[in-house]
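What follows is a single structure, written as C-alpha cells, with notes after it.
2 protein chains.
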Amino acid sequence: MASSSLSAKQILSLSTHRTSLSKSITADSPLRFRNPNSLSLRPSSLSSSSNVGRARLLRVSASSTAPFMDTSPSETVSSVPTIVDVDLGDRSYPIYIGSGLLDQPDLLQRHIHGKRVLVVTNSTVAPIYLDKVVGALTYGNPNVSVESVILPDGEKYKNMDTLMKVFDKAIESRLDRRCTFVALGGGVIGDMCGYAAASFLRGVNFIQIPTTVMAQVDSSVGGKTGINHHLGKNLIGAFYQPQCVLIDTDTLNTLPDRELASGLAEVVKYGLIRDAKFFEWQEKNMPALMARDPSALAYAIKRSCENKAEVVSLDEKESGLRATLNLGHTFGHAIETSFGYGKWLHGEAVAAGMVMAVDMSYRLGWIDESIMRRVHNILQQAKLPTAPPETMTVEMFKSVMAVDKKVADGLLRLILLKGPLGDCVFTGDYDRKVLDETLHAFCKS
Amino acid sequence: MASSSLSAKQILSLSTHRTSLSKSITADSPLRFRNPNSLSLRPSSLSSSSNVGRARLLRVSASSTAPFMDTSPSETVSSVPTIVDVDLGDRSYPIYIGSGLLDQPDLLQRHIHGKRVLVVTNSTVAPIYLDKVVGALTYGNPNVSVESVILPDGEKYKNMDTLMKVFDKAIESRLDRRCTFVALGGGVIGDMCGYAAASFLRGVNFIQIPTTVMAQVDSSVGGKTGINHHLGKNLIGAFYQPQCVLIDTDTLNTLPDRELASGLAEVVKYGLIRDAKFFEWQEKNMPALMARDPSALAYAIKRSCENKAEVVSLDEKESGLRATLNLGHTFGHAIETSFGYGKWLHGEAVAAGMVMAVDMSYRLGWIDESIMRRVHNILQQAKLPTAPPETMTVEMFKSVMAVDKKVADGLLRLILLKGPLGDCVFTGDYDRKVLDETLHAFCKS
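Taken in order, these protein sequences are the chains called A and B. In terms of our numbering, the first sequence has 307 at position 307, counting the first letter as 1, and numbering is strictly consecutive. Count along the second sequence from 1, then add 445; that gives the number in our numbering.
Rendered as C-alpha cells:
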C-alpha cells in the first residue's frame, strides 16, 4: 500500500540562493540576516563552530523557487507526502507533510529501530490519535510491540516530575537501546519526549508526530528538546535530532481555534526574520489560514518547515543564525514564566513578544513604521495578542530575561528587525535605554 | 608560573600496534577483542557507527611501548604533567596526570570558557579541596567568578533530586551558555556534574577534577555521564565529553583505604580485557599500590587512562568495543541496585562481578583455570570482594540484569573472557544454562 506511493516523493534539488552569515560570531558583533533570495553563502565565517562545519544545505521543493505568492498551493493536499529534508550529515532526516499520512504505515515503520516502541502522548491527544498511531506502527508488522505513556496536557507539566514518568514507563517496560520513542502531540510532548529519548540509556531513537500547528511549523523540527525550570523556559534539555517528523495535516481538524492561532505566530515569525515573500503571502492568505483552508495550511506548514530546516542545517546548535528563530521569544518566555506556564499559549506569548521586539527595532530607528503596522495587522487578523498581559511589570520582564539562554557573559542578545522586511539581526549591541523604553511602553510599572 | 612548565609536555606519537574489531557489530555475533600488542586496525569494520567514523587513534606516551613490567615508573611523579589525549576529532581533550597539578592554575584556566564557573562537589571533598580549586581557577584571573554547589556524598544521592540542586544553583546564579561546570570529586560527582553540564541550557562546557582512584582511572574519562533510577544504575544520562580531565595524584593522599581498593578493581579490569602486560605488572606491584607508593599509583593511573582513552577514541558511543570496559559491571550493577546504592562501593561490586564473569567464561570452556585463579588472587591482594553479598538471590540478579543497557532486542549481551589473558568478547551468543549455573554458584537461591 503506502510503500509504493513514496516512489514519487518530492525531493528536488536546490535552486534558490543561499543564506549567509555576514560576520563572524561574537557576543559583541551583531549578526545580520537577510532574505535568503539575496545573498551568497560564506561558510568560512562559521568555521569556529564544529556543528556548523558539518552542516550542509537543505534540499527544498522546487515549488519554493516559483513566485508562490500568487500561486494556489495545492501540491501538499494528497496522499503523496511532500518531503522536506533537514540536512545534518549523518543526522539528516525527512519531514513528511501531507493529508492522511497516519494511514500510510510504511512511512513510520521505515524509521522504527528495534522491536519496541514507546509512544509518549497526552490526555487530550491520546483518545483521538493513539489507536491510529499504534495501528500504523503495527500494521503488517507483528514483531513490533508498542507501549504508551499518557502525560497530563499543558505547558505547566513540562517539568522534571512529568519527565520521570516517561523514564519510569520505559524502564518498567524493560525497553533497551534499540527501542524507539514516538512523540505524539504538540510542542510540550515533542520537547519532553525528545529530551527523554536523548537521556534514556544515554540516547535512543525517536520520531516526532506533531499534532498542532505550533509543533508542525516549528518545535518538532530541529532537535531542540527540553523541559522548563520554575525560573525559566527550556533551561534543561538537549540538542537531539529525530529519525523523522511525520506531519499528518488531518490532525489539525481537531485542533481548537486558539491553538491554531498560536501556531500561526511562528509562521508569521519566519516571514519577518527571513522570508518577506512568505510574509506577503500570509498577508493575503491569513483569512484562509484562520478558516482552516487545507491548501493554505499545507502550504504554510511546508514553507515554514523549509525555512526552519534551512536554518537548522546551517547552524544546528545555535552559534548564531539559529537564534533568529527566537524573534519575540525572549519577551515571550518572560510572559510565559512570570504570568504562569500555560495561562497563555506559547504562540500567544511569542506574538506579544514579537510586537515588543518590533517596537524596539522601530525605536532604534532600524525599521520603517510600515513594518510595525503590518506586524500589528497580521497578528490581529490571526486573533493573537499584540501586548503582554496587563499584570506584567518591567521588573518581571527583566528578572526572567536575565536567565535567557541568549545571555552571554552577562550580555543579553536579542533578535531585532533591521532594514527591509525579512531582515533581522541577532545582537547585544543596542542602546539599553531603548530596551527600557519598550518595556515601559508595554508595562504599567 | 605554571604556564612555562607545559612547554615540555609529554605528548608523544603512537608506536604501539592497534586494537581491532574482528567482526562487524550485531547483537548476535560475538565481538572478540585482543591484546593491543597483537592486532592490526580495520576501521572498515566499524563503518556502521557514525561516531567511530570520526574517531582517531590515541597518542600515547612512548613509555608504554617499553617493557614497562620491569621498569620503575617514575616519570609521572613531577610537576610536569603527563598528558594522555582522548582523540575524538573536534571533541578531543587532554588528561593531565601528575603530582601538585592543582598548584598550576594555568592548566585549569586554559580550559575555562567564559567568565563564570560552577564547581560541583560533595560534602566530603569540599572541606579539603574546594578552596584550592577556587584558588586555581581565580589566581591571576580576577575576571572569573566561581560559584559552588555542595551535594551530599554517596551513590544513593546520584539521582534526579540531587541533580536538580545543580540546575537550581546554576539558574539562580544566572549562569549562561558561556559558563563552565567543574566536577570536583569521585565518580558520582563526575557523572552528575557531566550530565548537568550536558543538559543545562542544552549543553555547557565542563571539566573533570577526579579525586578518587575510581574516577581517575575510569569514570572521569570518556564522557559517560548520568544518574541512577531506582530500578537500575546509570539509566538516565548522556554521552558528553569534558574540556579536560585534571588528575592531581596528591588528592589520593586523603582517600580512604576502601575507596582506594575500589578504584583498583577498574585497574585490574583493563588488564583482563585488553592489556595482559599491565595485568602482569599489577600482579607484581599490587602491594606497592595498596601501600600508596606514588610511583606505582601514578603509573597505574596513566596506563589505565591510556587504555580507556584508546577504547573511547575508537568507539565513543559504545557500538561494540567500548562495552568491553564493562567487564563484571552487569553483575556488579545488579549488586549495587539490589543490595542498595552505596552499601558496596562501585569497585567492590565490580570486583565480585568480574569474578562471576570469569567464572562463567571458565564454565563455557573459554579460558584456562589459571586465569580464574589469578583473578581471584589479585582481587584478594587488593582486599576486594570475590563474591556477591550473601543476601543476593538469583532472581535479584536476573531482575536487574534485564534492564541493563547492554540488552538489545531482549537479548542480554555480556563481556566474557575468551582465549589467553587480555582477550575478551562482547556477546549474546552463550549458553543461557551456563549463566544460570554461575548465578546459582554464587547465590543461595
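Where a beta carbon is used, it is the ideal one built from N, C-alpha and C, also for glycine.
Under 9 Å between beta-carbons, which chain B residues line up against residue 229 of chain A? List them in chain order, please. 609, 612, 613, 616
Going by beta-carbon coordinates alone, are residue 639 of chain B and residue 607 of chain B separated by less than 7 Å? no
For residue 305 of chain A versus residue 221 of chain A, is the C-beta distance shorter than 7 Å? yes
So what's residue 700 of chain B in DSSP terms, helix, strand or just coil? coil
Kindly identify the DSSP beta-bridge partner or partners of residue 89 of chain A. DSSP output for residue 89 of chain A lists no bridge partner at all.
If you measure from the beta carbon of residue 702 of chain B to each beta carbon in chain A, is any gap under 7 Å? no
Using a Cβ-Cβ distance under 7 Å, would residue 451 of chain B count as near chain A? Caution is warranted here: a pLDDT of 30 is assigned to residue 451 of chain B, below 50, making its placement in the model unreliable, and no coordinate value can be reported.
Neighbour flag for residue 189 of chain A against chain B, beta carbons, 7 Å: no
Using a C-beta cutoff of 7 Å, does residue 263 of chain A count as contacting chain B? no
In this structure, what does DSSP give as the bridge partners for residue 116 of chain A? A:145
Taking residue 681 of chain B as the query, report the chain A residues whose CB atoms sit under 7 Å from its CB, ordered along the chain. In chain order: 167, 199, 200.
In terms of residues, what are the limits of the alpha helix (DSSP H) holding residue 250 of chain A? Per DSSP, residue 250 of chain A belongs to no alpha helix (DSSP H) and is neither H nor E.
Could you work out which residues of chain A lie near residue 560 of chain B, taking near to mean beta carbons separated by less than 8 Å? The answer, in chain order, is 409, 410.
Cβ-based contacts, 9 Å cut-off: residues of the segment 138 to 160 of chain A near chain B: 160
Who are the near neighbours of residue 501 of chain B in its chain, counting only those whose CB is closer than 6 Å to its CB and skipping five residues on each side? Residue placement at residue 501 of chain B is flagged as unreliable, the pLDDT there being 32, under the threshold of 50; the coordinate-derived value follows with that caveat. Closer than 6 Å at Cβ, skipping near neighbours: 532.
Which of helix, strand or coil DSSP assigns to residue 669 of chain B: The three-state secondary structure of residue 669 of chain B, taken from DSSP, is strand.
Can you look up residue 124 of chain A in the DSSP assignment and give me helix, strand or coil? coil
Where residue 473 of chain B falls: helix, strand or coil (DSSP): Because residue 473 of chain B carries a pLDDT of 42, less than 50, the predicted location of this residue cannot be relied on, and no value is offered for it.
At a Cβ threshold of 7 Å, is residue 429 of chain A touching chain B? Not flagged as an interface residue toward chain B: residue 429 of chain A, since no C-beta distance is shorter than 7 Å.
Output needed for residue 432 of chain A: all residues of its chain with C-beta closer than 6 Å, excluding positions within five of it in sequence on either side, in chain order. none
Going along chain B in order, which residues have a C-beta closer than 9 Å to the C-beta of residue 87 of chain A? Those do not exist, as residue 87 of chain A stays about 15 Å from chain B at its closest Cβ, beyond 9 Å.
Residue 765 of chain B versus residue 837 of chain B - alpha carbon distance: Their backbone Cα atoms lie some 29 Å apart in a straight line.
Quick one: any contact between the segment 196 to 207 of chain A and the segment 236 to 243 of chain A, if contact means 3 or more CB pairs under 8 Å? yes
Backbone secondary structure at residue 847 of chain B - three-state DSSP: coil
Reduced DSSP category for residue 444 of chain A - H, G, I as helix; E, B as strand; rest coil: coil
In the DSSP assignment, find the beta strand (DSSP E) that holds residue 422 of chain A and state where it starts and stops. Segment: none, residue 422 of chain A is in no beta strand (DSSP E) and carries neither H nor E.
Buried versus exposed, by CB contacts within 10 Å (16 or more), residue 440 of chain A: exposed
Tell me whether residue 726 of chain B sits in a helix, a strand or coil according to DSSP, three-state version. helix
Can you grab the Cα-Cα spacing for the pair residue 595 of chain B / residue 359 of chain A, in whole Å? Roughly 44 Å between the two C-alpha positions.
Which residue from A:251, A:337, A:178 puts its Cα closest to that of residue 126 of chain A? A:251
Mind checking which residues open and close the beta strand (DSSP E) that includes residue 233 of chain A? 232 to 239
Measuring only between beta-carbons, confirm whether residue 274 of chain A sits less than 7 Å from chain B. no
Is any beta-carbon of chain B found at less than 7 Å from that of residue 174 of chain A? yes
So with CB distances below 9 Å, who are the chain A contacts of residue 669 of chain B? 202
Taking 7 Å as the cut-off, decide whether the C-beta atoms of residue 770 of chain B and residue 879 of chain B are in contact. no
Give the C-beta separation of residue 543 of chain B and residue 525 of chain B to the nearest angstrom, bearing in mind that I take them to be a contact with Cβ-Cβ under 8 Å. Taking 8 Å as the upper bound for CB-CB distance, residue 543 of chain B and residue 525 of chain B are in contact here, some 7 Å apart.
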